[in-house]
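Here's the structure, in structure tokens; my notes come after.
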Amino acid sequence: FDPWQSDAIERGFRSVAAVPLEYEDTLYGVLAVYAERADAFDATERDLLAELGDDIAHVVHSFEVRESLREERDFIEQTVNSLNDVFYVIDVDGTFRRWNDHLVEAVGYTDAEIGEMRATDLFPEEERERIAEAIAETIETGTVTIESVAMTADGERVPYEIVGSTLTDRDGELVGLIGIGRDLTERRQRERRLTRLVDNLPGMVYRCRNDPDWPMEDLRGEVVDLTGYDPAELEGRSHMYGDEVVHPDDREAVWEAIQDAVEECEPFEITYRIRTKSGETKWVWERGQAIYAADGDATALEGFVTDVTNRERHKRVVDALHETARSVMRAETAERAAEIAIDTVQDVLDMPASAIHLYDEADEELAPVAWTDLTQELIGVPPTFAAGDGLAWKAFETGEPLSYDDLSSVSGRFNRETAVRSEIILPLDRHGVLLIGSTEAGAFDEVDVSLAETVAAHTTTALDRIERERELERQNEQLEEFASIVSHDLRNPLNVAQGHLELSRAGRDDEHLAAVARAHDRIGALVDDLLELAREGADAADAEPVELAELVAECWANVDTAAATLDVDAESTVRADRSRLVQLLENLIRNGVEHGGDDVTITVGDLDGGFYVADDGPGIPGDERDRVFDSGYSTHEDGTGFGLAIVREIAEAHGCEVRLTESETGGARFEISGFERVD
5 FDPWQSDAIE RGFRSVAAVP LEYEDTLYGV LAVYAERADA FDATERDLLA ELGDDIAHVV
65 HSFEVRESLR EERDFIEQTV NSLNDVFYVI DVDGTFRRWN DHLVEAVGYT DAEIGEMRAT
125 DLFPEEERER IAEAIAETIE TGTVTIESVA MTADGERVPY EIVGSTLTDR DGELVGLIGI
185 GRDLTERRQR ERRLTRLVDN LPGMVYRCRN DPDWPMEDLR GEVVDLTGYD PAELEGRSHM
245 YGDEVVHPDD REAVWEAIQD AVEECEPFEI TYRIRTKSGE TKWVWERGQA IYAADGDATA
305 LEGFVTDVTN RERHKRVVDA LHETARSVMR AETAERAAEI AIDTVQDVLD MPASAIHLYD
365 EADEELAPVA WTDLTQELIG VPPTFAAGDG LAWKAFETGE PLSYDDLSSV SGRFNRETAV
425 RSEIILPLDR HGVLLIGSTE AGAFDEVDVS LAETVAAHTT TALDRIERER ELERQNEQLE
485 EFASIVSHDL RNPLNVAQGH LELSRAGRDD EHLAAVARAH DRIGALVDDL LELAREGADA
545 ADAEPVELAE LVAECWANVD TAAATLDVDA ESTVRADRSR LVQLLENLIR NGVEHGGDDV
605 TITVGDLDGG FYVADDGPGI PGDERDRVFD SGYSTHEDGT GFGLAIVREI AEAHGCEVRL
665 TESETGGARF EISGFERVD
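The numbers in my numbering rise by one with no breaks, and the one at position 245 of the sequence shown is 249.
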């Protein structure tokens, strides 16, 4: 007390008592009491002062607690009012004790009105019993979640999700219930939009576990239409999508494809087959992605599956039609082409009652050459149609396809006497007709007709080719026969003349006899070239890989090239008939030497799809280049005029083109293009 002693004595104080203002270990201050006399505070007074200090400390503590409670209450008030959801506290009897501003805004009642209401009063009459049961269940279990419809002051019904929980004091005694209500209007709207979207999708939306059996957790959309199963059957795991729906031949491939995408954290797209509940096989297209847990594991898959059976069938039909086109074009006879077409109609297009009639020009009738087993089962051997007889002749004569959905109304013996009820008749140009029938009326749609027309078009093209080949074969046979006759008839007298000439020249050497000998040689060359030209008109049938550089060297050795030079700049290999390509090259080499002189340089090089043969001779004038390939044309006095004609015939037999132009040195350059390169 030393610092204050002198001041206290000066003011007349002779004694002082001080006690701490402390409550529950918290020191709030000190109470000091002064007196004018010494020894003013006895034991009783000191006890009273101590008690007074305790009372003052308690009062100060109460003020502090009250302020803290007010701050806490304000904080709670702000918190519950800031919630976007409805918040309230009710007594166990259901009366409201506390609520936030959002409840007032949501239901349209005032605070005073809510204070006089029970929780069940905010719901329609038909919902109040269920709400009361939910309150009772909350008291019993501690928490309950329920969806219901609240009734506003204006009579509007608003969907809510309500979560209720118990409220207890420090001793764990139940003092009320807390409720939080969330407006489901927007969520319901989103769900309805999603439902409409899913319902309008041509397939099903799913969520499943990432297991090989694909156990479904949620299925929506056209589940029954697609799989034949009710969603509950697949979600309830009485049937597993991966085990019973995915086609057994595709299960492993589907699993591997999806897992590859999952490992790369990428969406997946796959096409595979499924088996419906009734056993039908369908093609489906699926797009989805994995749902990953916090540790990176794919716990689920979500995606969309749609039926693409028609698309896949069309794709496979198109592929099969391409193969049919290749097969039918390889057919050697019209009958074989017809058989291939009928097999395609039956197996690929699934139109089993079919027949092809080819036109017999001699008898002026459409005679059947190929038909399916079902055709024979329905009508026996297909009939022959004479000129003007039936619908088949009408389609053949007009060249227009005919299609009948119901043959019962169509007149004609063939239709009345059979079980055929619908029919497509497709003309094969001048070759005949393709008839496709069914025992059902209206069996063929536009797609069926289009596919059948494709088969008919391929068949017609094949029949055209076969007809051309037969005609060419006949012409070639006639031409070769003519050439052989000419060769034989010319060689016999020529050989006689040459024999007599040799006898005459044995006795004397006369320039006139030498001229006759040269004429004989020219006649022999003409006969040889004529025979070769006649025989080279057919196609190059024995095609094989041929290395140009090697073949050119072989040909160069076979030709009398005198002092000419060969420069080979060819490295390619082409597919050709080797023997005929030898004749082509030898003729070009011989032509270059004959017209370019003894010291000419012949160059052979690669072209895109072929090769060229060029020389550095005088070349061929531009106004004569169109004539050099004509039979008999020659600018050399000893030439037969058939050499370049043979070159063109051999090139065309290979499906190639010959072009004459000028070489870099001003000579002739022959370009042959259109060969198939071999790598």
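Think of the CB as a built atom: it goes at the ideal place given N, C-alpha and C, for glycine as much as any other residue.
- V459 has its alpha-carbon roughly 9 Å from the corresponding atom of L438.
- The way I'd put it, the stretch 462 to 470 doesn't touch the stretch 390 to 408; fewer than three beta-carbon pairs between them come closer than 8 Å.
- Within the model, the alpha-carbon separation for I139 versus V162 is close to 20 Å.
- When Cβ pairs closer than 8 Å are counted between the two stretches, the stretch 164 to 181 is seen not to touch the stretch 241 to 254, the count staying below three.
- Assigned with DSSP and collapsed to three states, T463 falls in helix.
- In the three-state scheme derived from DSSP, where H, G and I count as helix and E and B as strand, A445 is classed as coil.
- Non-local C-beta neighbours of R317 in its own chain, meaning closer than 7 Å and more than five positions away in sequence, are absent.
- Relative to the Cα of E49, the nearest Cα in the group A21, T156, G176 and Q350 belongs to A21.
- DSSP lists I278 as the bridge partner or partners of K286.
- Listed in chain order, the non-local C-beta contacts of A445 below 7 Å within the same chain comprise D409, D410, R425 and S426, local neighbours out to five positions each way being set aside.
- H361 has P372 and V437 as its beta-bridge partners, per DSSP.
- Taken in chain order, the unbroken stretches of beta strand (DSSP E) that lie wholly in the stretch 12 to 73 and span 3 residues or more are 19 to 27 and 30 to 39.
- Within the same chain, and ignoring the five residues on either side of R509 in sequence, the residues whose Cβ sits closer than 6 Å to its Cβ are L517.
- Per the C-alpha coordinates, the member of V572, R320 and Y38 positioned closest to I13 is Y38.
- Just measuring C-alpha positions, the residue of G613, D234 and A390 sitting nearest R224 is D234.
- Scanning its chain for C-beta atoms nearer than 7 Å, with the 5 sequence neighbours on each side dropped, one finds around R434 the residues Y363, in chain order.
- Spatial neighbours of A324 in its own chain (CB-CB distance under 6 Å, excluding positions within 5 residues in sequence) are listed in chain order as V352.
- Beta-carbon to beta-carbon, L589 and V556 are separated by about 6 Å, close enough to satisfy the 8 Å threshold.
- Taking every protein chain shown into account, the CB of F5 has fewer than 16 other CB atoms within 10 angstroms, so this residue is exposed.
- Note on S10: under 16 other CB atoms within 10 angstroms of its CB, so exposed under the neighbour-count rule.
- In the three-state reduction of the DSSP assignment, W560 falls in the helix class.
- Burial is judged here by how many other beta carbons sit within 10 angstroms of a residue's own beta carbon; P431 has at least 16 and is buried.
- Distance check between S667 and each of V632, F633 and T605 places T605 closest, using alpha-carbon atoms only.
- Put simply, the backbone Cα of A36 is about 31 Å away from that of R74.
- In this structure A672 touches G596 by the C-beta definition: roughly 7 Å separates them, less than 8 Å.
- E165 is positioned such that its CB atom lies closer than 7 Å to that of L188.
- Between A359 and T379, the C-beta spacing is below 7 Å.
- The stretch 650 to 662 and the stretch 571 to 589 touch, with no fewer than 3 CB-CB distances between them shorter than 8 Å.
- A residue is called buried once 16 or more other Cβ atoms fall within 10 Å of its Cβ, and V500, having fewer, is exposed.
- Straight across, the Cα-Cα distance linking F67 with E76 is about 14 Å.
- Proximity to E554 across E190, R512, D571 and D627 peaks at D571, based on C-alpha coordinates.
- Here E475 carries a helix assignment [DSSP, helix/strand/coil].
- Here P387 is buried: its Cβ has 16 or more other Cβ atoms, across all protein chains shown, within 10 Å.
- In its chain, beyond the 5 residues on either side, no residue has a beta carbon closer than 6 Å to the beta carbon of D97.
- According to the DSSP assignment, F100 belongs to the beta strand (DSSP E) that extends over F100 to W103.
- For V617, the uninterrupted beta strand (DSSP E) run begins and ends at G614 to D619, by DSSP.
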